[in-house]
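Numbering (UniProt numbering), first residue to last: 1 to 146.
By construction, the Cβ of each residue, glycine as well, lies at the ideal position given by its N, Cα and C atoms.
What follows is a set of notes on a single structure, which appears directly below.
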């Protein structure tokens, strides 16, 4: 395993994935690591939903684009990154998850006052752990209270 500072400094968002599936043991390892993330009042307000089904991922991407495109339209003139992502999402056949072999959705408990922060930190812990074992990841953020 790499030195933690090296992991922090070398982790990057990956937007081009191999076709390889992530072994279940690696997924369990990443979720276990995320569980060690500090949380407000030690509430650990997270749950993890792993999605591997390509059809479900495709449908989630199409659903997500319906919300992201209008949001990004508001920022396209003030943020080049927003403009670039907007153009990508409008491209026929684009996948907002970059054809990743799986997605982990982190679900937060609305009763926890710091759930958004706690779940965001858990995501970062998971991404750093993934990088430490040679698995790429990309933050696709969005908070939706239900």
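Could you say which of the options lies nearest to residue i if we only look at CA atoms?
{"i": "residue 46", "options": "125, 81 and 109", "result": "109"}
{"i": "residue 89", "options": "72, 101, 34 and 113", "result": "72"}
{"i": "residue 25", "options": "116, 50 and 5", "result": "50"}
{"i": "residue 107", "options": "115, 101 and 100", "result": "115"}
{"i": "residue 69", "options": "102, 54, 95 and 57", "result": "95"}
{"i": "residue 60", "options": "100, 111, 19 and 5", "result": "100"}
{"i": "residue 139", "options": "42, 103, 62 and 112", "result": "103"}
I'd like to confirm the pairing. Which residues does DSSP put opposite residue i in its beta bridges?
{"i": "residue 137", "result": "13"}
Does the Cβ of residue i have 16 or more other Cβ atoms within 10 Å, making it buried, or fewer, making it exposed?
{"i": "residue 97", "result": "buried"}
{"i": "residue 119", "result": "buried"}
{"i": "residue 87", "result": "exposed"}
{"i": "residue 44", "result": "buried"}
{"i": "residue 22", "result": "buried"}
{"i": "residue 56", "result": "exposed"}
{"i": "residue 81", "result": "exposed"}
{"i": "residue 39", "result": "buried"}
Ignoring anything shorter than 3 residues or poking outside the segment 39-120, list the beta strand (DSSP E) runs there in chain order. List check, beta strand (DSSP E) in window: 46-51 and 103-108.
Say whether the segment 10-17 touches the segment 127-134, bearing in mind that this needs 3 or more beta-carbon pairs closer than 8 Å, one atom from each stretch. Judged by Cβ distances under 8 Å, the segment 10-17 makes contact with the segment 127-134, as three or more pairs qualify.
Three-pair Cβ contact test at 8 Å for the segment 26-38 versus the segment 130-141: Verdict: yes, contact present.
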